[in-house]
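Under the working numbering, the letters of the sequence shown match residues 2 to 311, in that order. Built from N, CA and C at the ideal position, the CB exists for glycine as well. Everything numeric in this text was worked out from a predicted model, so none of it was measured. Written out below as C-alpha cells is the structure these notes cover.
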Amino acid sequence: MLGDGVEKGTLRTRLVMAGVFLGAILALSLSVAFSWGGDVTGGGKVEESPEAKAAFTAPPGSCVTWTAPDVSDIHVVPCAQPHLYEVTGVVNIGDKYPPQAPAPTVEQWRDIALERCSEGVSAYLGGQLDPFGKFTVSALRPGNDEWADGNREMRCVLQWAAPGGKLEPITGKAADQSQAAVWEPGTCLALVGKTVGNPIDCAQPHSYEIVATLDLKTKFPDGYPSQNDQKTWLDTECNKAVQDYAGQIDLAAQKLILGWDVREQESWDAGSTLVNCKVGAKLPDESGLAPVTGSIRKAEAPAAPPSTGR
Numbered sequence: 002m003l004g005d006g007v008e009k010g011t012l013r014t015r016l017v018m019a020g021v022f023l024g025a026i027l028a029l030s031l032s033v034a035f036s037w038g039g040d041v042t043g044g045g046k047v048e049e050s051p052e053a054k055a056a057f058t059a060p061p062g063s064c065v066t067w068t069a070p071d072v073s074d075i076h077v078v079p080c081a082q083p084h085l086y087e088v089t090g091v092v093n094i095g096d097k098y099p100p101q102a103p104a105p106t107v108e109q110w111r112d113i114a115l116e117r118c119s120e121g122v123s124a125y126l127g128g129q130l131d132p133f134g135k136f137t138v139s140a141l142r143p144g145n146d147e148w149a150d151g152n153r154e155m156r157c158v159l160q161w162a163a164p165g166g167k168l169e170p171i172t173g174k175a176a177d178q179s180q181a182a183v184w185e186p187g188t189c190l191a192l193v194g195k196t197v198g199n200p201i202d203c204a205q206p207h208s209y210e211i212v213a214t215l216d217l218k219t220k221f222p223d224g225y226p227s228q229n230d231q232k233t234w235l236d237t238e239c240n241k242a243v244q245d246y247a248g249q250i251d252l253a254a255q256k257l258i259l260g261w262d263v264r265e266q267e268s269w270d271a272g273s274t275l276v277n278c279k280v281g282a283k284l285p286d287e288s289g290l291a292p293v294t295g296s297i298r299k300a301e302a303p304a305a306p307p308s309t310g311r
C-alpha cells in the first residue's frame, strides 16, 4: 500500500482514511481504518486525469467526490452538491520528511493525518470540531512520483463515515450544518456482529431504525443538560415520536426496544444538540443487538380520489 516500496500505484492509495467513527452507540475511537486497499481489476497503474490532478491539488474550501471503486473519477464539485471530502487545509510535512526521506508507512500516514490535520480544523470551521460528531479528519497525500520530486504537501479533509466505515455524502459546507451524528428518520442501520453498521434497506436485517430527530435545545435552551435530564426528557418525547412514526405500535408485543442518543458536553459546546430516537431489539441474553427485518413505519394514507364536482 503506502510507502516502503509496496504501494500498488492506484489512485485510492492516495487517500488516507483516519479517525473513522466506529459506532453510533460507542464513543469516538481514534483507531483508524484504511479501506482503500487492493488492486484495480486487471492490475496496472491508473493514470490520473486532469480532473483527478485538480482534486489532489484543490485549495482549502474545495469539495471533492468520486464513485468509481478505484477512485479514478475523483473530481472537484461545488460544495452545495453531494461530496465525500471537504478540503480544510494544506499541511507541509517537510519538517519531518526532508528530501530523500522514504515515504511514511500506512500507519505513519494515519498518525500524521490525525496529528497535523486536527490542528487547523477548528479555525476552518470557525468553532471546535465535535469529537463525537459525524465529521472526522482524513487526508489526501502526495503520490509516489510527487514524493520523489520533493512534494511534501498533504491536503487535510473532513469526511462523514458511517458506523461501519462507509463514506456518506455530505451536502453543503461542514461549517454551515450540524455536526451531530444523526440520521434521517426512516434510515435503517445494518447489524454487524452484535452492533451497528452502515445504512441499509430496512427490508434487510438491521440493528436500528431511526424514527425521529429531536433537538435537545428546545427543552434545554439555557445550557448543557445532564445526561440524566436528557434521558428523562427523551423517554417521553421519543415515545411520542415513535407512535407518530409507526401508528400506535406496541413495541413490547413485537419484542422491540426504543432507544435514543445523548450528547456529551463537548458535543453541546460544538453546537451538536440534535439526537435520534431509534427502535431495535436485544438478544435474549442482552449481550448485544438482535436483527430486525422490515420497517415499522406506518403506511402512508392513499391520496383521496379527485372530486367529480357532483
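Between Asp202 and Thr188, the alpha-carbon positions lie close to 8 Å from each other. Taking each of Leu85, Phe221 and Ile211 in turn and checking the Cα distance to Ala242, the smallest one comes out for Ile211.
Per DSSP, the beta-bridge partners of Leu190 are Pro200 and Tyr209. Runs of alpha helix (DSSP H) with 4 or more residues, each lying fully within the stretch 124-154, are found at 145-149, listed in chain order. A residue is called buried when at least 16 other Cβ atoms come within 10 angstroms of its Cβ; Leu290 meets this threshold and is buried.
Excluding residues up to 5 positions away in sequence, Cys64 and Lys174 lie with their Cβ nearer than 6 Å to the Cβ of Cys80 in the same chain.
For Leu235, the enclosing alpha helix (DSSP H) starts and ends at Gln228 to Ala247.
Gly272 places its beta carbon 8 Å or farther from that of Gln205.
For Lys279, there is no enclosing alpha helix (DSSP H); the enclosing beta strand (DSSP E) has its first and last residue at Leu275 to Gly281. Apart from the 5 residues on each side of it in sequence, Gly62 has no Cβ closer than 6 Å to any other Cβ in its chain. Note on Ser139: 16 or more other CB atoms within 10 angstroms of its CB, so buried under the neighbour-count rule. The C-beta of Ser208 has 16 or more other C-beta atoms within 10 Å across all chains shown, which makes the residue buried. One thing to note: Val72 has its Cβ within 8 Å of the Cβ of Leu16. The DSSP-derived three-state label of Glu108 is helix. Residue burial annotation: Asn277 is buried, with at least 16 other C-beta atoms found within 10 angstroms of its C-beta.
Leaving aside the five residues that flank Ser119 on each side, the residues in its chain whose CB is nearer than 7 Å to its CB run, in chain order, Val138.
The C-alpha of Ile75 lies about 9 Å from the C-alpha of Phe57.
Partner residues in the beta bridge of Ala162, as assigned by DSSP, are Leu168.
DSSP places Leu290 in the strand class (E or B) of the three-state scheme. Looking from the CA of Ala182, the closest CA among Ala53, Asn199 and Leu257 belongs to Asn199.
Here DSSP, grouped into helix, strand and coil, assigns Glu87 to strand. The beta carbon of Thr68 sits closer than 8 Å to those of Asp74, all from its chain and outside the five residues before and after it, given in chain order.
Partner residues in the beta bridge of Trp261, as assigned by DSSP, are Cys278. Listed as beta-bridge partners of Arg156 by DSSP are Val91 and Leu141.
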